[in-house]
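Just below is one structure, and these are the notes that go with it.
2 protein chains.
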Amino acid sequence: MQGVIGFRKVWGVGVGKVVLTFSMSLDGFVAGPDISLENAMGVGGDRLHKWMFHGGPENAIDLGMARELLLKVGAVVLGRRTYDVGLQHWGDTPYPVPSFVVTHEKLDKLEMESAAFTFVNEGVAEALKQAQAAAAGKVIIVMGADVAQQMLKEKLADEVYIQLVPVLLGSGSRLFENFGAAPLELVCDRAVNSPHITHLKYKIPK
Amino acid sequence: MQGVIGFRKVWGVGVGKVVLTFSMSLDGFVAGPDISLENAMGVGGDRLHKWMFHGGPENAIDLGMARELLLKVGAVVLGRRTYDVGLQHWGDTPYPVPSFVVTHEKLDKLEMESAAFTFVNEGVAEALKQAQAAAAGKVIIVMGADVAQQMLKEKLADEVYIQLVPVLLGSGSRLFENFGAAPLELVCDRAVNSPHITHLKYKIPK
Numbered sequence: 086m087q088g089v090i091g092f093r094k095v096w097g098v099g100v101g102k103v104v105l106t107f108s109m110s111l112d113g114f115v116a117g118p119d120i121s122l123e124n125a126m127g128v129g130g131d132r133l134h135k136w137m138f139h140g141g142p143e144n145a146i147d148l149g150m151a152r153e154l155l156l157k158v159g160a161v162v163l164g165r166r167t168y169d170v171g172l173q174h175w176g177d178t179p180y181p182v183p184s185f186v187v188t189h190e191k192l193d194k195l196e197m198e199s200a201a202f203t204f205v206n207e208g209v210a211e212a213l214k215q216a217q218a219a220a221a222g223k224v225i226i227v228m229g230a231d232v233a234q235q236m237l238k239e240k241l242a243d244e245v246y247i248q249l250v251p252v253l254l255g256s257g258s259r260l261f262e263n264f265g266a267a268p269l270e271l272v273c274d275r276a277v278n279s280p281h282i283t284h285l286k287y288k289i290p291k
Numbered sequence: 086m087q088g089v090i091g092f093r094k095v096w097g098v099g100v101g102k103v104v105l106t107f108s109m110s111l112d113g114f115v116a117g118p119d120i121s122l123e124n125a126m127g128v129g130g131d132r133l134h135k136w137m138f139h140g141g142p143e144n145a146i147d148l149g150m151a152r153e154l155l156l157k158v159g160a161v162v163l164g165r166r167t168y169d170v171g172l173q174h175w176g177d178t179p180y181p182v183p184s185f186v187v188t189h190e191k192l193d194k195l196e197m198e199s200a201a202f203t204f205v206n207e208g209v210a211e212a213l214k215q216a217q218a219a220a221a222g223k224v225i226i227v228m229g230a231d232v233a234q235q236m237l238k239e240k241l242a243d244e245v246y247i248q249l250v251p252v253l254l255g256s257g258s259r260l261f262e263n264f265g266a267a268p269l270e271l272v273c274d275r276a277v278n279s280p281h282i283t284h285l286k287y288k289i290p291k
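Note that the protein sequences, when read in sequence, are chains P and R. First residue of the first sequence? That's 86 in the working numbering, and the numbers climb one at a time after it. First residue of the second sequence? That's 86 in the working numbering, and the numbers climb one at a time after it.
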């Protein structure tokens, strides 16, 4: 039995979990309106990421959560708009791992300091396939509301991490729209409050 | 000093906190679409209250939270539609305390088993004034998304309790719309996960 369990574990390494991770306002927005190069998070949307920039011991929970995900990540799948507005901000790949951009444009692989951007023209499922090969069993993080919605719709997402920000933005881009057949049941297996936000973790039963 | 503190406490008793308490889907809906007598919570909206009807020890957190609020409540302010679709369901006032219905129609006070419904024609602020007099320092619970939004807009709400349900409903009535000037900052002072939902508590700074 030990041998079988061992084999299954090794075999299991080949398929990394697909994780959507978003900082979301209490009224459901993951970006403000009018996203542009100047306002990568939309107008007023920077508020959603403010929790990342607090220092000191009161930020220990938030840093711990961010580090936990950083240790798990093996690849990123992101949308073209997220890439366009994010690149100057990151100055690198968004995480230090291979990153796959879903786009209609044919672009050459772009080597950055930590890893490379690869541009995939065949859609979200193909980008995920390439990301899973690169991630070697580690987590694939999905960035960008459009790509995340397609992952939900095509039943490709395994987990959703929400950093729930105690603000009502009133307008912008919602994460949970166009996700396919409703209702969609999730299972919340963690809720941790920090002084700035609430960290929620959901599994998507398949 | 003791006397002063005592006086302030007694004086403080006169003004009960205004609490919005809603079971909300992760995508922000507090009811499904097409609310009617048959579907008081809208189509599919009953899912949001399912957590109240689980039995056994796994429900201890949820029951504890519900009881905490029940012990604090002194009056209710609710909208006319909530009253119309809720009455047959409750068979009484929604909580065992004086309940004030905001409506344009002139209706006589209606005595129920636990307390009375009073119909207020002069809007949300006047209904709240009457509720605060009746509550004698205890909490005023606000029911109905429309009335809740007006309370937010007119800066009358003190706290928001959200029972966050791990489901995406896709459509229905959103709580956080038409709440006035955005962004509106809140402070989350509690996040407690039960096996069924996440209990969130927010304060609204004034």
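Even glycine gets a Cβ: it sits at the ideal position worked out from N, Cα and C.
Which listed residue (the options) has its alpha carbon closest to that of residue i
i: F102 (chain P); options: P:V187, P:R152 and P:K240; result: The identity of residue 102 (chain P) in the sequence shown is Lys, whereas the question assumes Phe. Nearest C-alpha to K102 (chain P): P:K240.
i: K157 (chain R); options: R:L271, R:P181 and R:R132; result: R:P181
i: S121 (chain P); options: P:T188, P:E270, P:V170 and P:K286; result: P:V170
i: P280 (chain P); options: P:N144, P:G208, P:M126 and P:D231; result: P:N144
i: D231 (chain R); options: R:F138, R:V162 and R:M150; result: R:V162
i: G255 (chain R); options: R:N124, R:A125, R:G130 and R:V100; result: R:G130
i: M137 (chain R); options: R:I289, R:K291, R:T283 and R:P290; result: R:T283
i: K291 (chain P); options: P:A242, P:L249 and P:S258; result: P:A242
i: T167 (chain P); options: P:A151, P:V187, P:R152 and P:E211; result: P:V187
i: A276 (chain P); options: P:L192, P:L249, P:I289 and P:S258; result: P:L249
i: D274 (chain R); options: R:G265, R:F264, R:N263 and R:I289; result: R:I289
i: N124 (chain R); options: R:H174, R:F264, R:H189 and R:S199; result: R:H174
i: M228 (chain R); options: R:E153, R:L172 and R:G140; result: R:L172
i: G164 (chain P); options: P:G141, P:G140, P:H189 and P:P142; result: P:H189
i: M197 (chain P); options: P:Q215, P:A216 and P:G176; result: P:G176
i: M126 (chain R); options: R:G141, R:G140 and R:S110; result: R:S110
i: N278 (chain R); options: R:P142, R:F204 and R:I146; result: R:I146
One or two residues paired with residue i in a DSSP bridge
i: A216 (chain R); result: DSSP, once it has assigned bridges, lists no residue as partnering A216 (chain R).
i: Q248 (chain R); result: R:S108 and R:H284
i: M228 (chain P); result: P:L163
i: S121 (chain R); result: BP columns for S121 (chain R) are empty, so no partner.
i: A276 (chain P); result: P:L285
i: L253 (chain R); result: P:L269
i: L260 (chain R); result: DSSP output for L260 (chain R) lists no bridge partner at all.
i: L195 (chain R); result: R:F202
i: F138 (chain R); result: Answer by DSSP bridge pairing: none, since F138 (chain R) is not bridged.
i: A116 (chain P); result: P:S258
i: V186 (chain P); result: P:L163 and P:F204
i: V103 (chain P); result: P:I225
i: V158 (chain R); result: R:V224
Whole-angstrom C-beta distance between residue j and residue i, which should lie under 8 Å
i: L237 (chain R); j: V115 (chain R); result: Between V115 (chain R) and L237 (chain R) the Cβ distance is about 13 Å, and since that is not below 8 Å, they are no contact.
i: T106 (chain R); j: Y246 (chain R); result: 4 Å
i: L271 (chain R); j: V252 (chain P); result: 7 Å
i: G257 (chain P); j: G159 (chain P); result: At roughly 30 Å, the Cβ-Cβ gap does not stay under 8 Å, so G257 (chain P) and G159 (chain P) are not in contact.
i: L213 (chain P); j: I225 (chain P); result: 7 Å
i: N206 (chain R); j: K191 (chain R); result: 6 Å
i: D193 (chain P); j: G113 (chain R); result: Contact doesn't hold; Cβ gap of about 41 Å is too wide.
Distance CB(residue i)-CB(residue j) smaller than 7 Å
i: P183 (chain R); j: A219 (chain R); result: yes
i: L133 (chain R); j: S108 (chain R); result: yes
i: Q234 (chain R); j: V209 (chain R); result: no
i: V104 (chain R); j: E244 (chain R); result: yes
i: L195 (chain R); j: F185 (chain R); result: no
i: T178 (chain R); j: A200 (chain R); result: yes
Contact with chain B by residue i, beta-carbon distance below 7 Å
i: V161 (chain R); result: In the displayed structure, chain B is absent; the protein chains listed are P and R.
Self-check item: Interfacial residues, the region 173-189 of chain P to chain R, with Cβ spacing under 9 Å
Solution: none
Exercise. Note down, in chain order, all residues in the region 188-208 of chain P with a beta-carbon under 8 Å from any beta-carbon belonging to chain R.
Key: none
Quiz item: Can you list, in chain order, the residues of the region 129-150 of chain P whose Cβ is nearer than 8 Å to any Cβ on chain R?
Solution: G129 and R132
Quiz item: Taking Cβ-Cβ distances below 7 Å as the criterion, which residues of the region 99-112 of chain P are in contact with chain R?
Solution: L111 and D112
Quiz item: Which of the residues in the region 221-249 of chain P, read from start to end, lie with their CB under 7 Å from any CB of chain R?
Solution: none
Practice problem: Anything in the region 265-277 of chain P with a Cβ closer than 9 Å to a Cβ of chain R? List those residues in chain order, please. | Solution: G265, A266, A267, P268, L269, E270, L271, V272, C273, D274, R275, A276 and V277
Quiz prompt | Residues in the region 279-291 of chain P having any Cβ partner in chain R nearer than 7 Å | solution = T283, L285 and Y287
Exercise. Check distances from the C-beta atoms of the region 112-124 of chain P to those of chain R and list, in chain order, the residues that come in under 8 Å.
Key: D112 and G113
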